[in-house]
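All remarks here apply to the structure that follows.
Protein chains in written order, with the working numbering: chain W, 175 to 289; chain P, 266 to 374.
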């Protein structure tokens with residue numbers, strides 16, 4: 175059974191870098207695409223970007239200048255870094271399997287940007 | 266403002282058939298596949314429909330999807346109380362990247 179688990183700080187200060195990791199179990203990360211998606215409080219879903227195990231990435235154009243997604247195949251993990259965060263980046267962050275068709279999701283991790 | 270347009274709310278009584286629309290353009294729905302997600306309160310979204318009208322294993326056949334031109338629809342027949350959730354459509358856009366609808370909150374009266 176495929177499982178994804180997000181981990182990382184729940185509180186980030188404005189202007190700093192948000193860093194999250196998604197650990198995949200029950201499947202090799204060296205197949206499929208892997209994505210990050212976020213959901214601000216009370217709002218809808220926003221795709222952040224995806225990565226393939228080769229390192230190929232694609233980002234949401236609205237976040238592209240601040241986002242980096244990387245993969246560590248030895249640990250079966252992929253990570254998200256979002257720099258220069260503001261209160262608008264406060265959200266529940268999900269990792270998911272797929273680049274368009276997201277068939278497995280993590281439970282989500284809430285990240286608050288506040289001083 | 267979302268690239269794909271959904272009604273913010275929908276409702277129905279148990280047993281009824283409800284449809285949720287998702288309007289896009291030729292650069293997203295009109296030329297790419299559409300997926301639908303169900304998000305129960307306090308949980309992560311779940312893939313409900315993929316490739317317009319395919320159901321993942323375990324999704325009841327009460328749920329169906331369709332597409333016409335630059336719009337897509339999700340239909341739920343035999344509405345049940347456990348269907349009360351937020352529903353999102355998604356497609357590949359020309360940004361490029363995945364674009365979501367704003368979501369539709371379904372209430373079972």
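Using N, Cα and C, we set each Cβ at its ideal position, and we do this for glycine too.
Computed from a predicted structure; not experimentally measured.
Skipping 5 residues on each side, what residues in its chain have a beta carbon closer than 7 Å to that of residue i?
i: residue 240 (chain W); result: 256, 257, 258
i: residue 332 (chain P); result: 294, 299, 317
i: residue 324 (chain P); result: 313
Who are the neighbours of residue i on chain P, taking C-beta pairs under 8 Å?
i: residue 232 (chain W); result: 361, 362
Report all residues from its chain with a CB closer than 6 Å to the CB of residue i; omit the five preceding and five following residues, and keep chain order.
i: residue 342 (chain P); result: 282, 327
i: residue 287 (chain P); result: 269, 271, 337, 354, 366
i: residue 244 (chain W); result: 253
i: residue 221 (chain W); result: 211, 234
i: residue 297 (chain P); result: 356, 357
i: residue 278 (chain P); result: 374
How would you list, in chain order, the residues of chain W whose beta-carbon sits under 7 Å from the beta-carbon of residue i?
i: residue 357 (chain P); result: 274
At 8 Å on the CB atoms, spell out the chain W contacts of residue i, in chain order.
i: residue 374 (chain P); result: In chain order: nothing, as chain W lies at least about 22 Å away.
i: residue 245 (chain P); result: The structure shown does not extend to residue 245 (chain P), since chain P is modelled only from 266 through 374, so no value can be given for it.
i: residue 365 (chain P); result: 218, 219, 220, 221
i: residue 300 (chain P); result: 274, 275, 276
i: residue 323 (chain P); result: The premise fails here: residue 323 (chain P) is roughly 11 Å from chain W at the closest Cβ pair, so nothing lies under 8 Å.
i: residue 315 (chain P); result: 275, 277
i: residue 312 (chain P); result: 275, 276, 277
i: residue 292 (chain P); result: The premise fails here: residue 292 (chain P) is roughly 13 Å from chain W at the closest Cβ pair, so nothing lies under 8 Å.
Secondary structure at residue i, three-state DSSP: helix, strand or coil?
i: residue 351 (chain P); result: strand
i: residue 333 (chain P); result: strand
i: residue 199 (chain W); result: strand
i: residue 204 (chain W); result: coil
i: residue 193 (chain W); result: strand
i: residue 346 (chain P); result: helix
i: residue 266 (chain P); result: coil
i: residue 175 (chain W); result: coil
i: residue 371 (chain P); result: strand
i: residue 358 (chain P); result: strand
Assuming residue i and residue j form a contact by the criterion Cβ under 8 Å, report the distance between their Cβ atoms to the nearest whole angstrom.
i: residue 277 (chain W); j: residue 312 (chain P); result: 5 Å
i: residue 371 (chain P); j: residue 275 (chain P); result: 5 Å
i: residue 232 (chain W); j: residue 223 (chain W); result: 6 Å
i: residue 207 (chain W); j: residue 273 (chain W); result: 3 Å
i: residue 196 (chain W); j: residue 179 (chain W); result: 7 Å
i: residue 289 (chain W); j: residue 188 (chain W); result: 6 Å
Residues of chain P with CB closer than 9 Å to the CB of residue i, please, in chain order.
i: residue 281 (chain W); result: 308, 309
At a CB-CB cut-off below 7 Å, which residues of chain P make contact with residue i?
i: residue 235 (chain W); result: 360, 362
i: residue 268 (chain W); result: 309
For a contact meaning CB atoms closer than 9 Å, what does residue i contact in chain W?
i: residue 368 (chain P); result: 217, 218, 219
Quick one: which unbroken beta strand (DSSP E) runs of 3-plus residues sit fully inside the segment 270-325 of chain P? Chain order, please.
Counting only runs of 3 or more residues that sit fully inside the segment 270-325 of chain P, the beta strand (DSSP E) segments are 274-277, 283-288, 299-304, 311-314, in chain order.
Segments of 4+ residues assigned as alpha helix (DSSP H) that fall wholly inside the segment 223-281 of chain W:
The qualifying runs do not exist here; there are none.
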